[in-house]
Amino acid sequence: MLRIFSASKSYAKSTFKAVDNLTLHVKKGVIYGFIGPNGAGKTTTIKMLTGILPFEEGNIEINGFDIKRDPINAKKSIGFVPDNHVIYEKLTGREYINFMADIYRVDLAERKRRAEKYLEMFNLTKDVDSQISSYSHGMKQKICVIGALIHNPPLWVLDEPLTGLDPQSSFELKNLMREHTKQGNTVFFSTHVLEVAEKLCDRIGIINKGKLILEGTMDEIKAMGGKDESLEQIFIKITNQQNIQI
Amino acid sequence: MTDIFLLIKIFLKNGLRPDRTKTKKSSLIGIYIVLGITYLMLMSGGVLIIVFMAPFVQQNNLLTEFVTMIYLLGIGLIIIFGIVSLLTYVYFNKDAEFTASLPIKPGKVFLAKLVIVYLYELVAFAAIVIPLLIALGVATSQGFVYYLSILLGFILTPAFPLALASIIAIPIMYLVSFFRNKDAFTTVFLLILYAVIFGAYFYGVMSLQTRAEEIANNMDAILASLSNVAQIISKVFYPLYAIACLATNKALYGLSVPLSGLVNLAIAVFSLLILIIIAYFISNAVYQQSTIRQNESAKALSVKNQKTEFRSHLKALMIKEFKDITRTAAFGFQCLAGVIILPLILVLMNINAYALQEADLSAGLVRNIYYGVSFGMLLMLGSGMNIASTTAISREGKLFYLSKVIPVDYTTQINAKVYISLILNYITIFLGYLISIFVYKLGVLEIIFFPITLGLYSYGYAYSTVRFDLKEPKLNWTTPNEAVKNNKRATIPTLINMGVSFVIMMLMSMMYSFLGVASQHAYLPNNIIVLIKISVWLLITIGVFAFAFISRNRLYGSVNALYEEIEV
Numbered sequence: 001m002l003r004i005f006s007a008s009k010s011y012a013k014s015t016f017k018a019v020d021n022l023t024l025h026v027k028k029g030v031i032y033g034f035i036g037p038n039g040a041g042k043t044t045t046i047k048m049l050t051g052i053l054p055f056e057e058g059n060i061e062i063n064g065f066d067i068k069r070d071p072i073n074a075k076k077s078i079g080f081v082p083d084n085h086v087i088y089e090k091l092t093g094r095e096y097i098n099f100m101a102d103i104y105r106v107d108l109a110e111r112k113r114r115a116e117k118y119l120e121m122f123n124l125t126k127d128v129d130s131q132i133s134s135y136s137h138g139m140k141q142k143i144c145v146i147g148a149l150i151h152n153p154p155l156w157v158l159d160e161p162l163t164g165l166d167p168q169s170s171f172e173l174k175n176l177m178r179e180h181t182k183q184g185n186t187v188f189f190s191t192h193v194l195e196v197a198e199k200l201c202d203r204i205g206i207i208n209k210g211k212l213i214l215e216g217t218m219d220e221i222k223a224m225g226g227k228d229e230s231l232e233q234i235f236i237k238i239t240n241q242q243n244i245q246i
Numbered sequence: 247m248t249d250i251f252l253l254i255k256i257f258l259k260n261g262l263r264p265d266r267t268k269t270k271k272s273s274l275i276g277i278y279i280v281l282g283i284t285y286l287m288l289m290s291g292g293v294l295i296i297v298f299m300a301p302f303v304q305q306n307n308l309l310t311e312f313v314t315m316i317y318l319l320g321i322g323l324i325i326i327f328g329i330v331s332l333l334t335y336v337y338f339n340k341d342a343e344f345t346a347s348l349p350i351k352p353g354k355v356f357l358a359k360l361v362i363v364y365l366y367e368l369v370a371f372a373a374i375v376i377p378l379l380i381a382l383g384v385a386t387s388q389g390f391v392y393y394l395s396i397l398l399g400f401i402l403t404p405a406f407p408l409a410l411a412s413i414i415a416i417p418i419m420y421l422v423s424f425f426r427n428k429d430a431f432t433t434v435f436l437l438i439l440y441a442v443i444f445g446a447y448f449y450g451v452m453s454l455q456t457r458a459e460e461i462a463n464n465m466d467a468i469l470a471s472l473s474n475v476a477q478i479i480s481k482v483f484y485p486l487y488a489i490a491c492l493a494t495n496k497a498l499y500g501l502s503v504p505l506s507g508l509v510n511l512a513i514a515v516f517s518l519l520i521l522i523i524i525a526y527f528i529s530n531a532v533y534q535q536s537t538i539r540q541n542e543s544a545k546a547l548s549v550k551n552q553k554t555e556f557r558s559h560l561k562a563l564m565i566k567e568f569k570d571i572t573r574t575a576a577f578g579f580q581c582l583a584g585v586i587i588l589p590l591i592l593v594l595m596n597i598n599a600y601a602l603q604e605a606d607l608s609a610g611l612v613r614n615i616y617y618g619v620s621f622g623m624l625l626m627l628g629s630g631m632n633i634a635s636t637t638a639i640s641r642e643g644k645l646f647y648l649s650k651v652i653p654v655d656y657t658t659q660i661n662a663k664v665y666i667s668l669i670l671n672y673i674t675i676f677l678g679y680l681i682s683i684f685v686y687k688l689g690v691l692e693i694i695f696f697p698i699t700l701g702l703y704s705y706g707y708a709y710s711t712v713r714f715d716l717k718e719p720k721l722n723w724t725t726p727n728e729a730v731k732n733n734k735r736a737t738i739p740t741l742i743n744m745g746v747s748f749v750i751m752m753l754m755s756m757m758y759s760f761l762g763v764a765s766q767h768a769y770l771p772n773n774i775i776v777l778i779k780i781s782v783w784l785l786i787t788i789g790v791f792a793f794a795f796i797s798r799n800r801l802y803g804s805v806n807a808l809y810e811e812i813e814v
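Residue numbers (the working numbering), protein chains in the order written: chain A, 1 to 246; chain B, 247 to 814.
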């Protein structure tokens with residue numbers, strides 16, 4: 001579903017590579033957790049694979065479509081939830097969902113069915129006709145999630161999705177991720193909440209200073225990092241080691 | 247095409263819809279009434295001038311050139327303000343990341359944004375140009391074709407400056423991409439650009455104008471000169487001239503009127519198409535590059551030259567205000583443009599004043615009128631062009647919550663905003679004042695009273711407009727341009743200032759011309775004339791002092807309560 005081949009990205013006027021020779025394969029039906037310290041390259045990777053940022057080296061395939069050569073078809077396969085919510089805040093929640101459904105060409109019956117399901121799940125039904133500007137941080141996050149899922153994307157990409165969500169919504173979102181992968185789709189998300197990554201993800205990638213330093217299932221990571229240690233302990237040990245080496 | 251329409255629909259909804267969570271219906275109605283009255287006041291002045299000039303235009307067979315000039319006026323305004331709109335809406339929009347993640351070609355996003363800017367400019371163009379053209383049509387008894395052509399001109403003409411603005415934006419965006427602080431560079435570039443545009447205009451008028459000595463005591467020479475200038479300008483802007491020829495049934499190229507009309511129509515449409523095609527293809531490429539650079543810019547922060555010494559709250563906040571203004575192109579330009587434009591306008595006006603004065607139409611009369619005009623212009627542009635005070639709170643946007651979080655009292659916070667605004671106003675006024683002294687040869691009384699009255703007025707304006715914004719700031723905006731142009735808290739004070747300045751300008755000009763005539767024909771002794779002038783200036787001083795005093799006290803009396811009332 002998602003294949004990243006030796007992708008590298010440097011920001012303008014910087015010799016430092018924000019993402020350095022990253023190779024990653026994420027199969028269908030997998031929840032993939034992408035973790036790393038601040039400034040490790042998580043958001044840059046997500047922006048590269050969603051087509052927001054160009055990159056110099058390597059290539060990225062989404063659902064078989066190269067993001068550089070065929071960006072429109074690649075983007076059609078993605079539902080993206082950024083870390084900075086909806087920016088068209090004068091729209092109502094319903095208008096935003098309809099806009100996203102129009103852009104991704106979702107027919108009326110299907111969009112209605114999906115919107116109702118998610119609105120009810122996130123307890124947003126009564127607020128859907130209010131302007132987004134009146135929403136709380138969590139409500140904005142939820143409307144963004146619904147907008148991203150309205151076309152049932154094969155690859156659902158989320159950047160720090162659990163920030164600002166109440167426990168109930170956080171629980172619903174995690175269930176939704178599982179449900180999405182059960183339908184044969186893939187979820188790729190970045191997070192700082194290591195407990196969530198440990199419990200929720202089928203596979204985990206740890207990135208530091210632009211390089212993928214550890215990747216695998218939770219069991220594989222434990223085998224590599226220390227069998228009796230939690231993901232948090234392994235993460236701190238590995239990133240500290242790498243920082244000392246560099 | 248579907249994607250483009252979808253985007254246009256969403257952009258329009260997001261841009262035009264009032265924030266339902268904040269705006270009260272009653273306050274909206276009041277604001278529309280104030281806006282309507284101010285607009286009518288300003289337009290009636292323009293219409294009066296048109297009606298006054300119509301017989302002269304008709305007698306001298308200059309109708310086509312005059313129509314061209316009116317279109318040119320609209321175009322000039324769109325170019326001046328259109329580039330800022332274009333840059334902030336198209337290139338520096340915060341939605342760049344969101345639109346880049348959608349499965350839509352960047353070219354379509356660019357086109358949709360261009361259409362939005364065009365629609366906004368269309369409204370501005372219609373509001374300014376159409377009433378003037380209708381007034382001219384009525385005053386010169388034009389037929390059906392004339393009014394029909396207005397519709398054509400309305401659709402076509404705003405696209406010319408927009409296409410030109412797109413082309414001008416290309417080098418700006420190209421150069422900007424090399425700089426870390428893109429907005430600050432754009433601000434500087436725009437200011438330089440305006441200095442160049444006005445400078446070129448100034449030079450053009452100078453070189454076109456028949457030398458003053460040659461036209462002295464010769465009204466025919468003045469008319470011939472004006473006619474010559476109008477014709478040359480019309481030919482330079484030929485596509486506009488073509489629309490004007492169509493409107494006024496002017497036959498060209500030895501063709502019949504209908505055939506000539508068709509040729510003119512073809513010229514207008516064809517030249518417009520060429521401009522749009524050039525602008526679209528080049529700008530589209532620039533748009534894609536600038537979007538990439540913008541999406542990257544968050545990472546390109548520099549920590550060089552960071553000073554770490556201790557600063558007072560006020561100083562720290564003033565530095566923050568200044569950086570906020572200069573590092574956002576839309577704010578920077580709107581705050582600093584006056585520093586360049588006001589002195590240039592004053593110099594430009596002086597050329598006409600000088601020419602007419604030398605023509606000795608009525609010895610000393612023109613000079614006297616221009617005392618009033620220059621005072622009015624200083625009043626209007628010295629404070630009104632700078633939006634630092636009118637957007638003092640709105641500028642904060644969603645970061646306003648910081649004002650409530652930081653351990654600094656609200657009075658200090660508001661002082662930082664007022665002082666920055668005053669510093670910018672006073673620089674503008676001081677430059678304009680210096681120019682007025684030398685080019686208009688101000689008298690002793692004017693040299694004394696100009697700075698006192700202008701300084702006090704500017705003081706009052708800054709305090710009252712900051713308070714006006716503080717009462718209901720527009721904090722929910724996506725592009726900085728929305729905080730300026732689509733913000734009633736910024737536009738209403740600007741329009742009121744224009745209206746008030748215009749009225750004062752007229753009254754002062756009338757007073758000065760009356761006293762000029764009285765002095766020339768010895769209707770009144772000179773002592774009495776001086777006494778009248780002193781009395782008027784003292785009255786104005788008392789008026790603006792009261793305005794400044796009341797504005798200051800009202801703001802300080804309510805600053806805490808108003809800050810507390812703002813919900814974030």
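Each residue gets a CB set at the ideal place from its N, CA and C atoms; glycine is no exception.
Whose CA, out of the options, lies closest to the CA of residue i?
i: Asn799 of chain B; options: B:Ser412, B:Arg713, B:Ser781; result: B:Arg713
i: Lys47 of chain A; options: A:Tyr32, A:Ile78, A:Asp202, A:Thr15; result: A:Ile78
i: Ile325 of chain B; options: B:Ile283, B:Met287, B:Ala405, B:Leu378; result: B:Ala405
i: Asp129 of chain A; options: A:Gly93, A:Gly210, A:Phe55; result: A:Gly93
i: Lys182 of chain A; options: A:Asp202, A:Thr191, A:His151, A:Asp70; result: A:Asp202
i: Gly210 of chain A; options: A:Lys117, A:Cys144, A:Asp20; result: A:Asp20
i: Leu365 of chain B; options: B:Leu262, B:Gly276, B:Gly282; result: B:Leu262
i: His85 of chain A; options: B:Val336, B:Ser331, B:Thr345; result: B:Thr345
i: Val145 of chain A; options: A:Lys222, A:Pro71, A:Leu124, A:Asp107; result: A:Leu124
i: Glu195 of chain A; options: A:Gln233, A:Glu172, A:Met224, A:Leu214; result: A:Gln233
i: Pro697 of chain B; options: B:Ile681, B:Lys650, B:Phe356, B:Phe646; result: B:Ile681
i: Phe568 of chain B; options: B:Glu718, B:Ile669, B:Ile275; result: B:Ile669
Here's a check: name, in chain order, each residue in its chain whose Cβ is nearer than 6 Å to the Cβ of residue i, leaving out the five neighbours to either side.
i: Lys237 of chain A; result: none
i: Leu49 of chain A; result: Ile60
Assuming residue i is part of the alpha helix (DSSP H), what are its boundary residues?
i: Ala148 of chain A; result: 137 to 149
i: Lys779 of chain B; result: 772 to 811
i: Tyr484 of chain B; result: 484 to 493
i: Lys663 of chain B; result: 656 to 685
i: Thr181 of chain A; result: 167 to 182
Which same chain residues, not among the five before or five after residue i, have their C-beta less than 7 Å away from its C-beta?
i: Gln815 of chain B; result: Because chain B in this structure spans residues 247 to 814, residue 815 of chain B falls outside the shown range and cannot be described.
i: Ser169 of chain A; result: Phe122, Gly138, Lys142
i: Tyr11 of chain A; result: Ala18
Can you list, in chain order, the residues of its chain whose CB lies under 8 Å from that of residue i, leaving out five sequence neighbours each side?
i: Leu498 of chain B; result: Cys491, Ser506, Val509, Asn510
i: Val549 of chain B; result: With a pLDDT of 45 at Val549 of chain B, under the threshold of 50, the modelled position of this residue cannot be trusted, and the question is left open.
i: Tyr665 of chain B; result: Leu560, Met564
For residue i, name the three-state secondary structure that DSSP assigns.
i: Phe695 of chain B; result: helix
i: Phe55 of chain A; result: coil
i: Gly701 of chain B; result: helix
i: Gly64 of chain A; result: coil
i: Ser558 of chain B; result: coil
i: Val157 of chain A; result: strand
i: Thr92 of chain A; result: strand
i: Val193 of chain A; result: coil
i: Arg573 of chain B; result: coil
Could you tell me the boundaries of the beta strand (DSSP E) in which residue i lies?
i: Arg203 of chain A; result: 203 to 208
i: Val81 of chain A; result: 78 to 81
i: Lys340 of chain B; result: That residue, Lys340 of chain B, is in no beta strand (DSSP E); it is neither H nor E in DSSP.
i: Leu333 of chain B; result: Neither: Leu333 of chain B is in no beta strand (DSSP E) and is coded neither H nor E.
Chain B contacts from the stretch 36 to 67 of chain A (Cβ-Cβ distance under 8 Å):
Contact residues of the stretch 36 to 67 of chain A toward chain B are Thr44, Lys47, Thr50, Gly51, Ile52, Leu53, Pro54 (C-beta to C-beta distance below 8 Å).
Residues within the stretch 96 to 122 of chain A neighbouring chain B, beta-carbon criterion of under 9 Å
Cβ contacts with chain B: Tyr96, Phe99, Met100, Asp102, Ile103, Tyr104, Arg105.
Could you name the residues of the stretch 713 to 744 of chain B whose beta carbon sits closer than 7 Å to any beta carbon of chain A, in the order they occur along the chain?
Per Cβ criterion, the list reads Asn722, Thr724.
Positions along the stretch 561 to 595 of chain B whose CB lies within less than 9 Å of some CB in chain A
Listed by position, the residues of the stretch 561 to 595 of chain B near chain A (Cβ gap below 9 Å) amount to none.
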